[in-house]
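Engineer: This is the structure I have questions about; it appears just below.
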Amino acid sequence: MKLELRGITKRFGSFTANDGIDLVVEPGTIHALLGENGAGKSTLMNVLFGLLKADEGQVLVDGEPVQFSGPRDAMAAGIGMVHQHFMLVPVFTVAENVVLGDEPVRGGGVLDRASAARRVRETAARFGFHLDPDALVGDLPVGVQQRVEIVKALVRDAKVLILDEPTAVLTPQETDELLTIMRELADAGTAIVFITHKLREVKEVADTITIIRRGKVVGTADPSASATELASAMVGRQVDLTV
Ligand code: ADP
Ligand code: MG
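UniProt numbering numbers the first residue of the sequence shown as 1 and each following residue consecutively.
Put into structure tokens, the structure is as follows:
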């Protein structure tokens, strides 16, 4: 599924967090959104996910304008988002968190519970990791909680997966594993929006890079760009980096 943002503007009072942002995300690719803290990356994705309403601009899915009045609409359209701060309920199990937000589980029905558990196991296994559907989310390490968020998006058959600074909470090994999962998903046709300010990760995994500074797109690059070029575009002045 192809996603287009056209002229997205989002203001908070007199402050413009997104200023006419254009972005095209192609299926089967990892599209990095690179920008410093406060550049407006999460705001843009929250607009896309229906959490914030844009003041101006349009979202198009496969060329058709769409309007999401909330995350439920966005998920129904095939968009999944893993937030910087997870939106999981710690006292619920993995399976309960995954189905949360779906239609009410009928009478807490055993069948629904069993099928939720099966979906969790199968989806996790597809990407080579194990998730215990009955574990309490609050008991799990943060890297595993993130996988619950990813599985939650994937069981809804997300065609676009937004990952907002996903590696910030991960160990180096978990980071490498996540980058591998992202590549597998993209190879299977999912469009991935990868928000980060870490140049190494971008150069390693991104197919396309859009650089955002102070609410505006200031450039696009491909992963062969040098870290110095990327960092300079990100901060808006020449910086010297040898990576
Ligand atoms: P990034 O994700 O790139 O770090 P954000 O999109 O979170 O940046 O924030 C962009 C700017 O918008 C920041 O200056 C931030 O303080 C501001 N901002 C974000 N959300 C709100 C809000 N709900 N109310 C007011 N200002 C906000
Ligand atoms: Mg952010």
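Ideal Cβ placement from N, Cα and C applies to all residues, glycine included.
Mind checking R106: buried by the 16 CB within 10 Å criterion, or exposed?
Structural biologist: Bear in mind that the predicted position of R106 carries a pLDDT of just 47, short of 50, making it unreliable; the figure below should be weighed with that in mind. Burial call: exposed.
Engineer: Starting from P71, trace the beta strand (DSSP E) both ways and give me its first and last residue.
Structural biologist: Premise fails: P71 lies in the alpha helix (DSSP H), P71 to A76, not in any beta strand (DSSP E).
Engineer: Within the continuous beta strand (DSSP E) that includes T220, where are the two ends?
Structural biologist: Start and end: K216 to A221.
Engineer: Does DSSP put R106 in a helix, a strand or coil?
Structural biologist: For R106, the predicted structure reports a pLDDT of 47, less than 50, and the residue's modelled location is therefore unreliable. A value from the coordinates is still provided. Note: R106 maps to helix in three-state DSSP.
Engineer: Work out the CA separation of T196 and Q238 for me, nearest whole Å.
Structural biologist: Their backbone Cα atoms lie some 20 Å apart in a straight line.
Engineer: For the pair the stretch 211-225 and the stretch 159-170, tell me if three or more CB-CB distances fall below 8 Å.
Structural biologist: The stretch 211-225 vs the stretch 159-170: no contact.
Engineer: Is M182 buried or exposed, if buried means 16 or more other CB atoms sit within 10 Å of its CB?
Structural biologist: Its Cβ being crowded by 16 or more others within 10 Å, M182 is buried.
Engineer: Once you ignore the five residues that flank A39 on each side, which residues in its own chain have a CB closer than 6 Å to its CB?
Structural biologist: Answer for A39: I212 and R213, listed in chain order.
Engineer: N37: which of D73, G215, E229 and L241 sits nearest, CA to CA?
Structural biologist: That would be G215, whose Cα lies nearest to the Cα of N37.
Engineer: Looking only at its own chain, which residues have a Cβ that is under 6 Å from the Cβ of G28, when we skip the five neighbours before and after it?
Structural biologist: So the list reads A186 and G189, once near-sequence residues are dropped.
Engineer: Using CA atoms only, rank isn't needed, just tell me which of M234, L23 and E122 is closest to I192.
Structural biologist: Taking only the C-alpha atoms, the option nearest I192 is L23.
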